[in-house]
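A short write-up of the structure that comes next.
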Amino acid sequence: MKKNIFRFVFVVACSVVFLAACSSTPSSSTIESQVTKFIKNDQLYSVLSVEKTNGRKVNDNEYIADVTYKVKFKMGFPAMVMEMQRQANGDFSAQLQAVDAANELAAMFGRFKAGDVKTAHGHFEFVKTDNGWELKHA
Numbered sequence: 046m047k048k049n050i051f052r053f054v055f056v057v058a059c060s061v062v063f064l065a066a067c068s069s070t071p072s073s074s075t076i077e078s079q080v081t082k083f084i085k086n087d088q089l090y091s092v093l094s095v096e097k098t099n100g101r102k103v104n105d106n107e108y109i110a111d112v113t114y115k116v117k118f119k120m121g122f123p124a125m126v127m128e129m130q131r132q133a134n135g136d137f138s139a140q141l142q143a144v145d146a147a148n149e150l151a152a153m154f155g156r157f158k159a160g161d162v163k164t165a166h167g168h169f170e171f172v173k174t175d176n177g178w179e180l181k182h183a
């Protein structure tokens, strides 16, 4: 009897794992955890929340998730620009990348101050792999 119960539990557990791996769309928790890791920037801001608001299946192997997230800035925009320039350390290419990143942040959040909480929205593409759904990095 115990052998049959163990076999039943084993079969159910394997089925759950198999079905999760074969999911036709990524779960909200998968989307939210992977987006959090992707947007995380401990030096500039804290990620307060990430929420999937919508999504659409492109095909069997691609999914686009609409996500809203809130961040709390640790430094203001002027200080952030100065820090990015300092980190570029005179490297012209790195300085150009810093300017691009600063402009992108300004376009998304405006001229923020330390302690400001801002909300942003984004579209994130996920691809189905052998290991489940993964965020496709641009």
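Under the working numbering, think of the first position of the sequence shown as 46, with each following residue one higher.
Even glycine gets a Cβ: it sits at the ideal position worked out from N, Cα and C.
Proximity of residue i and residue j at Cβ, strictly below 9 Å
{"i": "residue 83", "j": "residue 168", "result": "no"}
{"i": "residue 70", "j": "residue 108", "result": "yes"}
{"i": "residue 172", "j": "residue 106", "result": "yes"}
{"i": "residue 139", "j": "residue 133", "result": "yes"}
Minimum C-alpha distance to residue i - residue among the options
{"i": "residue 144", "options": "173, 155, 127 and 79", "result": "127"}
{"i": "residue 129", "options": "117, 150, 116 and 115", "result": "150"}
{"i": "residue 115", "options": "96, 124 and 105", "result": "96"}
{"i": "residue 154", "options": "85, 118 and 133", "result": "118"}
Burial state of residue i, where buried means 16 or more other Cβ atoms lie within 10 Å
{"i": "residue 175", "result": "exposed"}
{"i": "residue 165", "result": "exposed"}
{"i": "residue 103", "result": "exposed"}
{"i": "residue 79", "result": "buried"}
{"i": "residue 137", "result": "exposed"}
Backbone secondary structure at residue i - three-state DSSP
{"i": "residue 148", "result": "helix"}
{"i": "residue 60", "result": "With a pLDDT of 44 at residue 60, under the threshold of 50, the modelled position of this residue cannot be trusted, and the question is left open."}
{"i": "residue 66", "result": "Its pLDDT being 48, under 50, residue 66 is placed unreliably by the model, and the measurement read from it follows with that caveat. Helix at residue 66."}
{"i": "residue 49", "result": "Because the pLDDT at residue 49 is just 49, under 50, the model does not fix this residue reliably, and the value given afterwards should be weighed accordingly. Here residue 49 sits in helix by DSSP."}
Contact belief for residue i with residue j at Cβ below 8 Å, rounded distance in angstroms
{"i": "residue 99", "j": "residue 87", "result": "Going by Cβ atoms, the distance from residue 99 to residue 87 rounds to 28 Å, so no, they are not a contact pair."}
{"i": "residue 158", "j": "residue 121", "result": "4 Å"}
{"i": "residue 178", "j": "residue 113", "result": "Actually they do not touch by this definition, with Cβ atoms about 19 Å apart."}
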